[in-house]
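Report on the structure given below.
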Amino acid sequence: MRLQHLRIAITKHQYLVLMRSLRNTVLFDWRNSMQARVSLFTLVLLVVGQGIGQCSSLQELRSTFSILNIDQDYYDQLLGPSGDFHEVVDGIELLNPRAQFSVTNCDQGWNVATGTLLEVQFTVGNETEYRSGIIGKSEVLSGDDTFQRYYTNRELGIQVVVDSRGYLKLVNFVPTNQTARRCKNYPPYDSAVSMYAPHSTVLLARLDDISSLETVLIEFKENTYQEHVLYVFVYNNTLTGSLSSSQLIEGIFRLIQVRYKHLERRIHVLAGGYREETEAEVFLIPKSWPGPIARPSVNTKGKCY
Numbered sequence: 151m152r153l154q155h156l157r158i159a160i161t162k163h164q165y166l167v168l169m170r171s172l173r174n175t176v177l178f179d180w181r182n183s184m185q186a187r188v189s190l191f192t193l194v195l196l197v198v199g200q201g202i203g204q205c206s207s208l209q210e211l212r213s214t215f216s217i218l219n220i221d222q223d224y225y226d227q228l229l230g231p232s233g234d235f236h237e238v239v240d241g242i243e244l245l246n247p248r249a250q251f252s253v254t255n256c257d258q259g260w261n262v263a264t265g266t267l268l269e270v271q272f273t274v275g276n277e278t279e280y281r282s283g284i285i286g287k288s289e290v291l292s293g294d295d296t297f298q299r300y301y302t303n304r305e306l307g308i309q310v311v312v313d314s315r316g317y318l319k320l321v322n323f324v325p326t327n328q329t330a331r332r333c334k335n336y337p338p339y340d341s342a343v344s345m346y347a348p349h350s351t352v353l354l355a356r357l358d359d360i361s362s363l364e365t366v367l368i369e370f371k372e373n374t375y376q377e378h379v380l381y382v383f384v385y386n387n388t389l390t391g392s393l394s395s396s397q398l399i400e401g402i403f404r405l406i407q408v409r410y411k412h413l414e415r416r417i418h419v420l421a422g423g424y425r426e427e428t429e430a431e432v433f434l435i436p437k438s439w440p441g442p443i444a445r446p447s448v449n450t451k452g453k454c455y
């Protein structure tokens, strides 16, 4: 029975309160410290009632790895000195957690301190077949290709990746859709589309560069993509860019009107904010998928986040 297993079995708040009281036990005579004795008694109840390192659901484990609220030191304490992790939750064997921490202010648009936990990904070690509702009733299919499918519960901040055979491959703990925690000039977060990769990115230093989007538009009109929609996010550079986003968007709409009017209802052209380069980012996705969100990286003063 290792201490790191115990830390996984209790909430962050309980852990901090208990550890503080246990330190008091060392510094003071525990017989004269009612707080320490109560905390030790509570600790025993937690161990007996929950078991060492046992979480009854993915939601409970997600609460322990409190995304956007803990730093790397606390995360390391959860895993223990060796960094080993092995949990079986609701029949799912979770191994080899890979964490992502913020490296700059407003990393990925989150208004959190540097070194804050942004995401944790677990490998599934056993053959667990996907079943509807495995991550809650609010799950949505947010990605589907030849090799894998993504299901996301936006409310709980849990995502599963399912392989082509229908078995769980990965479990991801991601932020919930917390608009209040977003930095200025960043769009609201949507965990269901966080894994989307752009179909292409086109530099737009001049209005003539808009013609570079024709390659994508020609591909889009093929029969293969009749059930798809096209999203174009236009990003502007406020320091070196001579064109505004509105000018570029107007130019893209003119191109669509002249040559691709029959596709107009399936094309969305949006201002994405600011980046180091003036460019367009293109997403080509099925109609049934949630729409992508813009991913700016520079604020209005031209300063990188």
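Numbering of the sequence shown is given in our numbering, commencing with residue 151 and proceeding in unit increments.
Using N, Cα and C, we set each Cβ at its ideal position, and we do this for glycine too.
Does the Cβ of R415 have 16 or more other Cβ atoms within 10 Å, making it buried, or fewer, making it exposed?
-> Counting from 1 along the sequence shown, the entry for residue 415 is found at position 265. The residue is exposed, with fewer than 16 neighbouring Cβ atoms inside 10 Å.
Measuring CB to CB, does Y317 end up less than 8 Å from E277?
-> Here residue 317 refers to the residue found at position 167 when the sequence shown is read from its first residue. Here residue 277 refers to the residue found at position 127 when the sequence shown is read from its first residue. Yes, the Cβ-Cβ distance between Y317 and E277 is below 8 Å.
Report yes if the CB atom of R212 is closer than 8 Å to the CB atom of I308, and no otherwise.
-> For the purposes of this step, residue 212 is taken as the residue at position 62 of the sequence shown. For the purposes of this step, residue 308 is taken as the residue at position 158 of the sequence shown. Closer than 8 Å, so yes.
Which residues in the same chain as F251 place their Cβ atom closer than 7 Å to its Cβ, once the five residues preceding and following it in sequence are excluded?
-> Here residue 251 corresponds to residue number 101 of the sequence shown, with the count starting at 1. For F251, the CB contacts under 7 Å within the same chain, skipping 5 residues up- and downstream, are Q222, G265, T266, L267 and L268 in chain order.
What three-state label does DSSP hand E427 in the structure shown?
-> Taking the first residue of the sequence shown as position 1, residue 427 is located at position 277. Coil, per DSSP.
Is V382 buried or exposed, if buried means 16 or more other CB atoms sit within 10 Å of its CB?
-> Indexing the sequence shown from 1 puts residue 382 at position 232. Within 10 angstroms of the beta-carbon of V382 lie 16 or more other beta-carbons, which makes it buried.
Since I399 sits in a beta bridge, which residues does DSSP pair it with?
-> Taking the sequence shown and counting its residues from 1, one reaches residue 399 at position 249. The partner list for I399 (beta bridge, DSSP) is empty, contrary to what the question assumes.
Residues in its own chain within less than 8 Å of D313 by CB, not counting five upstream and five downstream?
-> Sequence index remark: in the sequence shown, residue 313 carries index 163 (1-based). For D313, where only same-chain residues beyond five positions count, the Cβ hits under 8 Å are F297, Q298 and K319.
Where does I443 fall in DSSP's three states?
-> Counted from its first residue, the sequence shown places residue 443 at position 293. Three-state DSSP puts I443 in coil, outside helix and strand.
What is the residue span of the alpha helix (DSSP H) that D226 lies within?
-> Numbered from 1 along the sequence shown, position 76 holds the residue referred to as residue 226. Segment Q222 to L229, the alpha helix (DSSP H) holding D226.
Quick one, are the C-beta atoms of V419 and I402 less than 8 Å apart?
-> Within the sequence shown, numbered from 1, the residue matching residue 419 stands at position 269. Within the sequence shown, numbered from 1, the residue matching residue 402 stands at position 252. Contact flag set, yes.
S394 to L367, Cα distance in whole Å?
-> The sequence position of residue 394 within the sequence shown is 244, counting from 1. The sequence position of residue 367 within the sequence shown is 217, counting from 1. So the two alpha carbons sit approximately 22 Å from each other.
If you run the structure through DSSP and keep just helix, strand and coil, what is S341?
-> Counting from 1 along the sequence shown, the entry for residue 341 is found at position 191. Under the three-state reduction of DSSP output, S341 falls in the helix class.
Among residues of its own chain, excluding the 5 on either side of H349, which ones have a beta-carbon nearer than 7 Å to its beta-carbon?
-> Along the sequence shown, one-based indexing puts residue 349 at 199. When the five nearest sequence neighbours on each side are left out, the beta carbons in the same chain lying within less than 7 Å of the beta carbon of H349 are those of V366, V432, F433 and L434, in order along the chain.
Own chain, CB closer than 8 Å to R409, minus 5 neighbours either side, in chain order | For this step, residue 409 is matched to residue 259 along the sequence shown. Excluding the 5 residues flanking it on each side, R409 has same chain C-beta neighbours closer than 8 Å at E364 and L367, in chain order.
Taking the alpha-carbon positions, what's the E429 to N255 distance?
-> Reading the sequence shown from its first residue, position 279 is the one you call residue 429. Reading the sequence shown from its first residue, position 105 is the one you call residue 255. Note on geometry: alpha-carbon atoms of E429 and N255 lie some 23 Å from one another.
Which two residues bound the contiguous alpha helix (DSSP H) that contains S213?
-> Against the sequence shown, residue 213 aligns to sequence position 63. Segment L208 to T214, the alpha helix (DSSP H) holding S213.
What does a CB cutoff of less than 7 Å around T302 pick up in its chain, not counting 5 residues either side in sequence?
-> As a first step, residue 302 must be located in the sequence shown, where it is residue number 152. Only E289, V290, S292, Q309, S341 and A342 meet the Cβ criterion.
Can you give me the Cβ contacts of N182 inside the same chain, cut-off strictly under 6 Å, excluding the 5 residues immediately before and after it?
-> Locating residue 182 in the sequence shown gives position 32, counting from the first residue. Low local confidence applies: a pLDDT of 49 at N182 is under 50, so the model's placement there is unreliable, with the coordinate-based value given in what follows. Cβ neighbours of N182 beyond the five flanking positions: none.
Test item: CB-CB of E426 and N386 under 8 Å = Within the sequence shown, the letter at position 276 stands for residue 426. Within the sequence shown, the letter at position 236 stands for residue 386. Not a contact, by the Cβ cut-off of 8 Å.
What does a CB cutoff of less than 7 Å around V253 pick up in its chain, not counting 5 residues either side in sequence?
-> Within the sequence shown, the letter at position 103 stands for residue 253. For V253, where only same-chain residues beyond five positions count, the Cβ hits under 7 Å are T264.
For T95, the first and last residue of its enclosing alpha helix (DSSP H) = Summary: the structure shown does not reach residue 95, with the chain confined to residues 151 through 455, and so no result is reported for it.
Close Cβ partners of K371 (< 7 Å) along its chain, the five nearest in sequence each way excluded = Counting from one through the sequence shown, the residue named residue 371 turns up at place 221. Contacts found: Y410 and L413.
Leaving out the 5 sequence neighbours to the left and right, which residues in its chain are closer than 6 Å to P442 when beta-carbon positions are compared?
-> Taking the sequence shown and counting its residues from 1, the one referred to as residue 442 is at position 292. Closer than 6 Å at the Cβ level, and outside the excluded window around P442, lie V343, Y346, Y381 and F433.
Considering only residues of the same chain and omitting the five flanking positions on each side of E305, which have a CB-CB separation below 6 Å?
-> As a first step, residue 305 is located in the sequence shown; it is residue number 155 there, counting from the start. Within the same chain, E305 has close Cβ partners S288.
Please classify D226: is it buried, with 16 or more other beta-carbons within 10 angstroms of its beta-carbon, or exposed?
-> Here the question's residue 226 lines up with position 76 in the sequence shown. Around the Cβ of D226, a 10 Å sphere holds fewer than 16 other Cβ atoms; the residue is exposed.
Simplified DSSP state of Y375, which is helix, strand or coil | Counting from 1 along the sequence shown, the entry for residue 375 is found at position 225. Of the three classes helix, strand and coil, the one that applies to Y375 here is helix, per DSSP.
Which listed residue (I417, W439, Q328 and V321) has its alpha carbon closest to that of N246 | Counting from 1 along the sequence shown, the entry for residue 246 is found at position 96. Checking every option, the nearest Cα to that of N246 belongs to V321.
To the nearest angstrom, report how far apart E400 and R331 are at their CA atoms.
-> In the sequence shown, residue 400 corresponds to position 250, counting from 1. In the sequence shown, residue 331 corresponds to position 181, counting from 1. Distance between the alpha carbons of E400 and R331: 32 Å.
If you draw a straight line from the C-alpha of P338 to the C-alpha of Y280, how long is it?
-> To locate residue 338, count along the sequence shown from 1; it is residue 188. To locate residue 280, count along the sequence shown from 1; it is residue 130. Approximately 29 Å between the Cα atoms of the pair.
So, helix, strand or coil for G293, using DSSP?
-> Translated into the one-based positions of the sequence shown, residue 293 becomes position 143. Assignment of G293 by DSSP, reduced to helix, strand and coil, places it in the strand class.
DSSP three-state call for I285: helix, strand or coil?
-> As a working note, residue 285 is residue 135 in the sequence shown. In the structure shown, I285 sits in coil (DSSP, three-state: anything other than H, G, I, E or B).
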